[in-house]
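To start, the structure under review is shown below, and the notes come after it.
Here it is in structure tokens:
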């Protein structure tokens, strides 16, 4: 399911104009890991997965309040890049079971009363910091191109290791080789991705968005420690991290192989 978003981004790259890449760090938005809240590249703004934590580190008391603050955080990033919420062409919404879809829908319609972006909604078992909702997005810098960009979403495809060409860039995926810890697996996955990118004529520095799936979000800090070593500290790509399913029952090796604890997909553009 994460490839819906990445393939949409790659399709949108057809409309992009050459431009210097720039990370967006708005006041009050504190990343929970080594990623940029937003990345401006070409004709688009890529927005990391946002949750409902406010500038004081607090969360709302209701699902509606949490959804509203999540979209406020998206707005802060979009506006820091000089755009508006109307510039958003696609969003990916992940909901915990504690958030009724009807509450999400109510706030969504308030936030986007006209010309709303396209959207995909999925459930997730857990999120880092135990937030109840996470939303990422892409915004187009030229609002006149929004109708064309909004039609470029492609269907989800099965994740396969390696890179495949997409309009304007490449989408790459990798699952962890057998290793006993999430730190080792994260390192191996990113080394695989770097090798896949090199074959396609790209590097990790060309990455604008990543999606990380953890077996157990309790490993979030450990994953961050390994992940951060592979990207520029001052301008890392955007990122969305989820724990989509309940953790495996045992991390012991079976027939000499450990269970996969992390998988990563990314979009790289030039």
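Numbering (the working numbering), first residue to last: 17 to 286. All C-beta atoms, glycine included, are put in the ideal place defined by N, C-alpha and C.
Determine the direct distance from the alpha carbon of residue j to that of residue i, and round the result to whole angstroms.
i           : j           : result
residue 159 : residue 102 : 8 Å
residue 253 : residue 268 : 33 Å
residue 231 : residue 152 : 20 Å
residue 162 : residue 131 : 10 Å
residue 220 : residue 237 : 21 Å
Who are the Cβ neighbours of residue i in its own chain at under 8 Å, not counting the five residues just before and after it?
i           : result
residue 262 : 141
residue 80  : 119, 122 and 123
residue 228 : 239, 243, 255, 256, 257, 258, 278, 279 and 280
residue 115 : 79, 82, 83, 148 and 149
With DSSP as the reference, label residue i as helix, strand or coil.
i           : result
residue 74  : coil
residue 65  : strand
residue 243 : helix
residue 283 : strand
residue 189 : strand
residue 89  : helix
residue 131 : coil
Going by CA-CA distance only, name the one from the options that's closest to residue i.
i           : options               : result
residue 49  : 284, 268, 269 and 247 : 247
residue 177 : 282, 230 and 241      : 282
residue 59  : 38, 198, 253 and 264  : 38
residue 127 : 100, 41 and 143       : 100
residue 108 : 86, 190 and 137       : 137
For residue i, which residues of its own chain have a beta-carbon under 7 Å away from its beta-carbon, when the five flanking residues on both sides are left out?
i           : result
residue 44  : 71 and 92
residue 274 : 194, 195, 196 and 267
residue 89  : 45 and 66
residue 260 : 140, 141 and 229
Leaving out the 5 sequence neighbours to the left and right, which residues in its chain are closer than 6 Å to residue i when beta-carbon positions are compared?
i           : result
residue 106 : 24, 133, 134 and 154
residue 212 : 178, 179 and 188
Would you please state the rounded distance, in angstroms, between the beta carbons of residue i and residue j? I believe it to be under 8 Å.
i           : j           : result
residue 186 : residue 284 : 5 Å
residue 224 : residue 55  : 5 Å
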